[in-house]
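If you read the protein sequences in the order shown, they are chains A and B. The numbering used here puts the first residue of the first sequence at 114, with every later residue one more than the last. The numbering used here puts the first residue of the second sequence at 23, with every later residue one more than the last. Each residue gets a CB set at the ideal place from its N, CA and C atoms; glycine is no exception. Remarks on the structure that follows.
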Amino acid sequence: DGGITQSPKYLFRKEGQNVTLSCEQNLNHDAMYWYRQDPGQGLRLIYYSQIVNDFQKGDIAEGYSVSREKKESFPLTVTSAQKNPTAFYLCASIRTGVSNQPQHFGDGTRLSIL
Amino acid sequence: QKEVEQDPGPLSVPEGAIVSLNCTYSNSAFQYFMWYRQYSRKGPELLMYTYSSGNKEDGRFTAQVDKSSKYISLFIRDSQPSDSATYLCAAAGGGNKLTFGTGTQLKVEL
Chain A
114 DGGITQSPKY LFRKEGQNVT LSCEQNLNHD AMYWYRQDPG QGLRLIYYSQ IVNDFQKGDI
174 AEGYSVSREK KESFPLTVTS AQKNPTAFYL CASIRTGVSN QPQHFGDGTR LSIL
Chain B
23 QKEVEQDPGP LSVPEGAIVS LNCTYSNSAF QYFMWYRQYS RKGPELLMYT YSSGNKEDGR
83 FTAQVDKSSK YISLFIRDSQ PSDSATYLCA AAGGGNKLTF GTGTQLKVEL
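Right, dumping it as structure tokens:
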């Protein structure tokens, strides 16, 4: 069954610690996205990648980093520089090269501060 | 001003009611419009996807886009308790970047 898998479902971060959120897709999608969701603010774009080994900053990239070494995988690292990391993080993917396709989402990772 | 505005609710309706959810947008370049449904602690699930102006129907759901007034709507007929969720509208121009509304929380009561 094709889909987007995010892990872990819940994650706790200590002060000064970097944590990495996993996103894997087996949909053969080219582009992948990371969003942050806070109550009352909707989804805000952190980073996105259109192809392997390339990625662009979104609207709120400060304090985050990503890599795209494989088409299937787009991990997000929340660094210690992100002072307010508590949020619901969502990964999405899309097939490019076809007239505008909607994004499909994983089930998210909830990150909290210890 | 946000590019996509959506009333956060909460909106509470009785079972069987017709629900109307709405968004406005400001960017004239938006051509593609989506409605997502999000249950608590889950990712958004695509409900409806429309291009330009007009209506699109899928079962109990109808999406409507009026580009002249920059207004998008989702209607839910015969609403069920299982429709209780947060509904997110989203819009995109020619590229693949989506701009989301803040979401409307809907509760359908027995």
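Neighbouring residues, chain A, relative to ASN118/B (Cβ below 9 Å): Here residue 118/B refers to the residue found at position 96 of the second sequence. Those within 9 Å of ASN118/B in chain A are ALA144, TYR146, TYR161, GLN163, ILE207, THR209, ASN213, GLN214, GLN216.
Residue from THR121/B, VAL35/B, ARG82/B, GLU131/B whose Cα sits closest to the Cα of GLY155/A: Taking the first residue of the first sequence as position 1, residue 155/A is located at position 42. Nearest of THR121/B, VAL35/B, ARG82/B, GLU131/B to GLY155/A, Cα basis: THR121/B.
Whole-number beta carbon distance between LEU224/A and ARG126/A, since they are thought to touch under 8 Å: In the first sequence, residue 126/A corresponds to position 13, counting from 1. In the first sequence, residue 224/A corresponds to position 111, counting from 1. About 6 Å separates the two Cβ atoms, so the contact holds.
CB contact check: TYR109/B to chain A, cutoff 7 Å: The residue labelled residue 109/B in the question sits at position 87 within the second sequence. It does not: the Cβ of TYR109/B has no partner Cβ on chain A nearer than 7 Å.
C-beta contact flag for THR126/B and ASP29/B at 7 Å: The sequence position of residue 126/B within the second sequence is 104, counting from 1. The sequence position of residue 29/B within the second sequence is 7, counting from 1. Yes, Cβ-Cβ distance for THR126/B and ASP29/B is below 7 Å.
Short CB-CB distance (under 7 Å) between GLY155/A and chain B: The sequence position of residue 155/A within the first sequence is 42, counting from 1. Taking Cβ atoms only, chain B reaches closer than 7 Å to GLY155/A, which makes this a yes.
Run of the beta strand (DSSP E) containing ILE159/A, from where it starts to where it stops: Stepping through the first sequence from its first residue, residue 159/A is reached at position 46. That run of the beta strand (DSSP E) goes 155-164.
Positions along the region 60-71 of chain B whose CB lies within less than 9 Å of some CB in chain A: Listed by position along the chain: GLN60, ARG63, LYS64, GLY65, PRO66, GLU67, LEU68, TYR71.
DSSP state of ASP100/B mapped onto helix, strand, coil: Locating residue 100/B in the second sequence gives position 78, where the first residue counts as 1. If DSSP states are grouped into helix, strand and coil, ASP100/B belongs with coil.
Uninterrupted beta strand (DSSP E) stretches inside the region 31-69 of chain B (no shorter than 3 residues): Runs of the beta strand (DSSP E) inside the region 31-69 of chain B: 33-36, 41-47, 54-60.
Inter-residue spacing [alpha-carbon to alpha-carbon] between THR133/A and PHE218/A: Translated into the one-based positions of the first sequence, residue 133/A becomes position 20. Translated into the one-based positions of the first sequence, residue 218/A becomes position 105. So the alpha carbons of these two residues sit roughly 18 Å apart.
Contact set for GLN216/A: own chain, Cβ-Cβ below 8 Å, skip 5 residues either direction: Locating residue 216/A in the first sequence gives position 103, counting from the first residue. These residues qualify, in order along the chain: TYR146, ALA205, SER206, ILE207.
For HIS217/A: DSSP bridge partner residues: Locating residue 217/A in the first sequence gives position 104, where the first residue counts as 1. Answer is SER206/A.
THR124/B burial status per 10 Å Cβ neighbour count (16 or more: buried): Position 102 of the second sequence, counted from the first residue, corresponds to residue 124/B. Counting Cβ neighbours within 10 Å, THR124/B comes out buried, since at least 16 surround it.
Neighbouring residues, chain B, relative to LEU203/A (Cβ below 9 Å): On the first sequence, residue 203/A is found 90 positions in, with the first residue counted as 1. Those within 9 Å of LEU203/A in chain B are GLY65, PRO66.
First through last residue of the beta strand (DSSP E) which encompasses GLU27/B: Locating residue 27/B in the second sequence gives position 5, where the first residue counts as 1. First-last of the beta strand (DSSP E) with GLU27/B: 26-28.
Beta-carbon proximity list for ASP100/B, same chain, < 7 Å, skipping 5 on both sides: Position 78 of the second sequence, counted from the first residue, corresponds to residue 100/B. Result list for ASP100/B: GLY38, ARG82, in chain order.
Short CB-CB distance (under 7 Å) between THR124/B and chain A: What you label residue 124/B is simply residue 102 of the second sequence in a count that begins at 1. Taking Cβ atoms only, chain A reaches closer than 7 Å to THR124/B, which makes this a yes.
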